[in-house]
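Q: From first to last, the protein sequence lines are chains A and B. Count the first sequence with my numbering and you get residues 1 to 463, in order. Count the second sequence with my numbering and you get residues 1 to 463, in order. I'd like to ask you about the structure that follows.
2 protein chains.
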Amino acid sequence: MGATHLAELYRHSLALATDLYQLTMAYGYWKSGVADREAVFHLTFRVPPFRGGYAIAAGIEPALELLDQVRFTDDDLAYLASLKLFEPGFLDYLRALEMTCTVDAVPEGAVVFAHEPLLRVTGPVLQAQLLETPLLAIINYQTLIATKAARVVQAARGRGVLEFGMRRAQNLDGAFSGSRAAYIGGCAATSNVLAGKLYGIPVRGTHAHSWVMFHDDELTAFRTYAAAMPDNCLFLVDTYDTLDGVAHAIQVGRELRAAGHELIGIRLDSGDLAHLSIEARRMLDDAGFPNARIVASNDLDELLIGSLLEQDAKIDTFGVGTKLVTAYDQPALGGVYKLGAVREADGSWRDVIKLSEQPIKISNPGHLGVRRILRDGEMIRDVIYDVRDGAADDELLVRAIERGVRVRGASTIEEARARCAADLARLSPRTKRFMNPQPYPVELDPRVEVRKQALIAAAQGGR
Amino acid sequence: MGATHLAELYRHSLALATDLYQLTMAYGYWKSGVADREAVFHLTFRVPPFRGGYAIAAGIEPALELLDQVRFTDDDLAYLASLKLFEPGFLDYLRALEMTCTVDAVPEGAVVFAHEPLLRVTGPVLQAQLLETPLLAIINYQTLIATKAARVVQAARGRGVLEFGMRRAQNLDGAFSGSRAAYIGGCAATSNVLAGKLYGIPVRGTHAHSWVMFHDDELTAFRTYAAAMPDNCLFLVDTYDTLDGVAHAIQVGRELRAAGHELIGIRLDSGDLAHLSIEARRMLDDAGFPNARIVASNDLDELLIGSLLEQDAKIDTFGVGTKLVTAYDQPALGGVYKLGAVREADGSWRDVIKLSEQPIKISNPGHLGVRRILRDGEMIRDVIYDVRDGAADDELLVRAIERGVRVRGASTIEEARARCAADLARLSPRTKRFMNPQPYPVELDPRVEVRKQALIAAAQGGR
Chain A
1 MGATHLAELY
11 RHSLALATDL
21 YQLTMAYGYW
31 KSGVADREAV
41 FHLTFRVPPF
51 RGGYAIAAGI
61 EPALELLDQV
71 RFTDDDLAYL
81 ASLKLFEPGF
91 LDYLRALEMT
101 CTVDAVPEGA
111 VVFAHEPLLR
121 VTGPVLQAQL
131 LETPLLAIIN
141 YQTLIATKAA
151 RVVQAARGRG
161 VLEFGMRRAQ
171 NLDGAFSGSR
181 AAYIGGCAAT
191 SNVLAGKLYG
201 IPVRGTHAHS
211 WVMFHDDELT
221 AFRTYAAAMP
231 DNCLFLVDTY
241 DTLDGVAHAI
251 QVGRELRAAG
261 HELIGIRLDS
271 GDLAHLSIEA
281 RRMLDDAGFP
291 NARIVASNDL
301 DELLIGSLLE
311 QDAKIDTFGV
321 GTKLVTAYDQ
331 PALGGVYKLG
341 AVREADGSWR
351 DVIKLSEQPI
361 KISNPGHLGV
371 RRILRDGEMI
381 RDVIYDVRDG
391 AADDELLVRA
401 IERGVRVRGA
411 STIEEARARC
421 AADLARLSPR
431 TKRFMNPQPY
441 PVELDPRVEV
451 RKQALIAAAQ
461 GGR
Chain B
1 MGATHLAELY
11 RHSLALATDL
21 YQLTMAYGYW
31 KSGVADREAV
41 FHLTFRVPPF
51 RGGYAIAAGI
61 EPALELLDQV
71 RFTDDDLAYL
81 ASLKLFEPGF
91 LDYLRALEMT
101 CTVDAVPEGA
111 VVFAHEPLLR
121 VTGPVLQAQL
131 LETPLLAIIN
141 YQTLIATKAA
151 RVVQAARGRG
161 VLEFGMRRAQ
171 NLDGAFSGSR
181 AAYIGGCAAT
191 SNVLAGKLYG
201 IPVRGTHAHS
211 WVMFHDDELT
221 AFRTYAAAMP
231 DNCLFLVDTY
241 DTLDGVAHAI
251 QVGRELRAAG
261 HELIGIRLDS
271 GDLAHLSIEA
281 RRMLDDAGFP
291 NARIVASNDL
301 DELLIGSLLE
311 QDAKIDTFGV
321 GTKLVTAYDQ
331 PALGGVYKLG
341 AVREADGSWR
351 DVIKLSEQPI
361 KISNPGHLGV
371 RRILRDGEMI
381 RDVIYDVRDG
391 AADDELLVRA
401 IERGVRVRGA
411 STIEEARARC
421 AADLARLSPR
431 TKRFMNPQPY
441 PVELDPRVEV
451 RKQALIAAAQ
461 GGR
């Protein structure tokens, strides 16, 4: 089901899932007779999130699927008519509109850097413009969360990371997308059952504090759970007193073993996790449960996990929720979708840029792709170049949609997850570190640079 | 359509939109024969967001609608069977499950405070437990955003605030929910067209930088737009040079006026908004456009808006996006759903609490409601009390669902927005201020306090 989840999740037409200004501009393009003039847009971000050195591209496949959802229904058109902004002829145009854009995209799960196009959308300006808002909404968020997940997984140094964030996400779809992106970024499983069903992500969970509170005492609660699910016993031990809880888990663990089952482990969810995990480990080992796992949670992120491991915390698995699915320390990627070139009436292409007082906000002109240079299997350099200057066999973007028709099968979530892991393995630890990462070299091809400077000079001179 | 938007937006059953541990606990309750034992859960938050003094309850109606979506389909049950965690008899139980919970809820849009139940869910423990995750996902986020919006609107001191955040939200549904909550919190309109259609929120928008870049020069771009939509001309002036852009807007404004139309205004989206707005105002006034409005945007939040107005910025309307829909400075409310009481086998109720080393995390026991005490139309005090101690005629929560059946019509989004405005008008400015707000008095009824202390003592003594 993963490949068509958007179509399944929403039964609405998504043509109106955009900003109004995309529609007023569409009207302007139609009214001035240039709706079908071709344009090139690039979806990029300007700074890697979390003061890090890289990002993980995610949301690419859902974004590509979106194009199939852009169909204006009668219901949509009746709503647009009610706004009293548009002529009836324009609404007829929208009714007949079929997406004919061409889309080149980086592979889902790829490591990407600032200013690189994650998508290049080429097609009638009216259509390419309409797609801006939903493409950004989908890719901005999932890229942010896949990146956060990759960092958390890196901090966990081989220990498992479970994503538990559903209750703190932006409504239900925020949670699904977040679980999806977290899995691509390297999380081992999610608590979100519908994400498990829709995307095939492994699901995990045992019980909450309320299970313990419901029963007369903690020992009874653990015993009752063990009677129901003797092979899924990972007890949450901090409802009342954590180390008492560990003792109760051990007691029920012995009863389980006598009945031919084995305690899976315990979960710590509050308090000094370094100290408590060391104490719990000692208690479990002394009691003959060296294989019982210790899961820890409580507002964890990559920095807290790093700190816990530095303290020799005896934690086998980390449960990460709020800080992951909200990307708490930087909850927006800030990706943008900027025009790079426009087809003139005479059929020639004109490059364009957006100026800004802030150099980082000046866009790059052209029809841009990314060359990724490897040496001995290591990523050593990327080059942002114009595909009209000659095809490159180390091009990162691949043609996904050709004039509205999918020309490449969707990559699965497992393929995206594998791509992420493989790309991270090819990336220097200097760029992956959290503190002052070394910027990965991303060059602008000199031919693009020349055109860019000419456009800047012309725009400034032409005031 | 607003009243049934969840049912419309998702065609999936939402029974699996929950954490796995809700289902493993459900299995445990079923297996141990107590699935239908009644329990009381309270949905609360522990600290008002943004270091503020209050929150605005939102997401209540969508959360109530959710209960109708919880039906396990054959497809859901096949997925659960594939997990190999549950007996077939349990899946049959889920297949036949109909929600019979009773829900009392604060009105959507009401001002609420820490520890107050926004929802009280009473019903079979298995059912009430399953609802935890989706109720939190919906109410946590919308309450956070409605609160942020109320603060931004307060900072704007009567000037309009437009919500433009769709591209930075968590996927498409995060954007819909965010636009809904922002409108309840007091925003005047959204850029999100589908939110406009589904919820009836006014929509706003004109054009982006790409419109200007597409055309040969800015003046041509403005003229072409004016030809298409002469009555919707609010020009974005910072694509190349902001004050040049204002001059171009004025030039086209004169042409519009000559043709019998009027320039609506301009939008500033970068640079020193205080300085540029003052300059732009002077230019517009000098040119005979004193009624042309100045809209400003660029990562604004309540503090930046306050700072701009202190500098006498000449801004009529604020466009707020990323910082609003992500609640950037605190992207999670952290609401929780805690068990308050359990029906024993003998039919009596037993109060329960969750202990913690952090006193703020100790839950309150019982069947809790909120009395809101007004004096001369001002809110002066709330009391968290146990509804079994006697009904209060100043009770804030109202019965929304009685044993699975809706007993009160859904409040509209306009009613919620009006409630928010009315409640904020009744709240002291000392509690509404941003810096060191005075905590609003929320008392725990002494009878509840006595029971709570007894439970704490018993739990600590009974280790």
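Glycine is no exception: its CB is placed at the ideal position from the N, C-alpha and C atoms.
For the region 47-66 of chain B and the region 363-370 of chain B, state whether three or more C-beta atom pairs, one from each stretch, are separated by less than 8 Å.
A: These segments do not touch.
Q: Report all residues from its chain with a CB closer than 6 Å to the CB of residue 372(B); omit the five preceding and five following residues, and keep chain order.
A: Only 382, 394 and 396 meet the Cβ criterion.
Q: So for residue 229(B), helix, strand or coil by DSSP?
A: Three-state DSSP puts residue 229(B) in coil, outside helix and strand.
Q: Counting only the same chain and skipping the five closest in sequence on each side, list residues whose C-beta sits under 6 Å from that of residue 180(A).
A: Cβ within range, chain order: 199.
Q: For residue 178(B), which residues from the same chain have a beta carbon less than 7 Å from its beta carbon, with the 5 sequence-adjacent residues on both sides left out?
A: These residues qualify, in order along the chain: 145, 165, 169 and 325.
Q: Here's the rule I'm using: 16 or more other beta-carbon atoms within 10 Å means buried, otherwise exposed. How should residue 82(A) be labelled?
A: Residue 82(A) is exposed by the Cβ-count criterion.
Q: Does the Cβ of residue 435(A) have 16 or more other Cβ atoms within 10 Å, making it buried, or fewer, making it exposed?
A: The residue is exposed, with fewer than 16 neighbouring Cβ atoms inside 10 Å.
Q: Candidates 163(B), 113(B), 184(B) and 30(B): which alpha carbon is nearest residue 412(B)'s?
A: The candidate whose alpha carbon is nearest that of residue 412(B) is 184(B).
Q: Do you know how far the Cα of residue 232(A) is from the Cα of residue 14(B)?
A: Between residue 14(B) and residue 232(A), the C-alpha separation is close to 25 Å.
Q: What in chain B is Cβ-close to residue 79(A), meaning under 7 Å?
A: The contacting residues are 197.
Q: Are the C-beta of residue 170(A) and some C-beta of chain B separated by less than 8 Å?
A: Cβ-Cβ to chain B under 8 Å: yes for residue 170(A).
Q: Evaluate residue 338(B) with the Cβ neighbour count: other Cβ atoms within 10 Å of its Cβ, from every protein chain shown; 16 or more gives buried, anything less gives exposed.
A: Buried is the call here.
Q: Please compile the residues from chain B whose C-beta is within a distance smaller than 9 Å of the C-beta of residue 192(A).
A: Going along chain B in sequence order, the residues near residue 192(A) (Cβ under 9 Å) are 16, 17, 18, 19, 20 and 133.
Q: Within the chosen definition, does the region 216-232 of chain B reach the region 189-204 of chain B through at least 3 CB pairs nearer than 8 Å?
A: Output reads no: the region 189-204 of chain B does not touch the region 216-232 of chain B.
Q: Any contact between the region 146-155 of chain B and the region 115-125 of chain B? By contact I mean 3 or more CB pairs, one from each, below 8 Å.
A: Output reads no: the region 115-125 of chain B does not touch the region 146-155 of chain B.
Q: Considering only DSSP beta bridges, list what residue 443(B) is partnered with.
A: According to DSSP, residue 443(B) bridges with 383(B).
Q: For the region 26-41 of chain A against the region 413-421 of chain A, are there 3 or more C-beta pairs whose distance is under 8 Å?
A: No, the region 26-41 of chain A is not in contact with the region 413-421 of chain A.
Q: Alpha carbon to alpha carbon, how far is residue 28(B) from residue 189(A)? Give it in angstroms, no decimals.
A: Computed Cα separation, rounded: 22 Å.
Q: With three or more C-beta pairs closer than 8 Å as the rule, is the region 251-263 of chain B touching the region 284-299 of chain B?
A: Touching, yes, given that three or more Cβ pairs across the two stretches are closer than 8 Å.
Q: Jot down the residue ranges of each uninterrupted alpha helix (DSSP H) in the region 75-114 of chain B, minimum 4 residues, whole runs only, in chain order.
A: You should have 88-96.
Q: Going by DSSP, which residues form a beta bridge with residue 163(B)?
A: Per DSSP, 190(B) and 320(B).
Q: What's the call for residue 407(A), buried or exposed, on a 16-neighbour Cβ count within 10 Å?
A: When all chains shown are included, residue 407(A) counts as exposed.
Q: For a contact meaning CB atoms closer than 8 Å, what does residue 352(A) contact in chain B?
A: Those within 8 Å of residue 352(A) in chain B are 213 and 214.
Q: Would you kindly work out how many angstroms separate the C-alpha atoms of residue 403(A) and residue 240(B), rounded to a whole number?
A: If you take the alpha carbons of residue 403(A) and residue 240(B), they lie about 32 Å apart.
Q: Can you tell me the Cβ-Cβ gap for residue 109(A) and residue 437(A), rounded? I've got them flagged as a contact below 8 Å.
A: Actually they are not in contact, since the Cβ atoms of residue 109(A) and residue 437(A) sit about 20 Å apart, beyond 8 Å.
Q: For the region 226-256 of chain B, enumerate the residues whose C-beta is nearer than 7 Å to any C-beta of chain A, in chain order.
A: Flagged, chain order: 227, 228, 229, 232, 239, 240, 241 and 244.
Q: Mark residue 84(A) as exposed unless 16 or more other C-beta atoms lie within 10 angstroms of its C-beta, in which case mark it buried.
A: It is exposed - the Cβ of residue 84(A) has fewer than 16 other Cβ atoms within 10 Å.
Q: Beta-carbon of residue 357(A) versus every beta-carbon of chain B: anything under 8 Å?
A: Cβ-Cβ to chain B under 8 Å: yes for residue 357(A).
Q: I'd like to know whether the C-beta of residue 203(B) is nearer than 8 Å to at least one C-beta of chain C.
A: No chain C appears in this structure, whose protein chains are A and B.
Q: Please confirm if residue 294(B) has its CB atom under 8 Å from at least one CB of chain A.
A: By this cut-off, residue 294(B) is not an interface position.
Q: I'd like to check one pair, residue 23(B) with residue 193(A): are the Cβ atoms closer than 8 Å?
A: Cβ distance < 8 Å, so residue 193(A) and residue 23(B) count as in contact.
Q: With DSSP run on the structure shown, which of helix, strand or coil describes residue 147(B)?
A: Note: residue 147(B) maps to helix in three-state DSSP.
Q: Which same chain residues, not among the five before or five after residue 195(A), have their C-beta less than 6 Å away from its C-beta?
A: If we look at residue 195(A) and ignore the five residues flanking it on each side, its Cβ neighbours are 176, 179 and 201.
Q: By the 10 Å Cβ neighbour count, where 16 or more other Cβ atoms means buried, how is residue 344(A) classified, buried or exposed?
A: By the 10 Å Cβ count, residue 344(A) comes out exposed.
Q: Which bits of chain A does residue 25(B) rub up against, with CB to CB less than 7 Å?
A: Those within 7 Å of residue 25(B) in chain A are 207, 208 and 211.
Q: Is there a Cβ from chain B that is less than 8 Å from the Cβ of residue 83(A)?
A: At least one chain B Cβ lies under 8 Å of residue 83(A).
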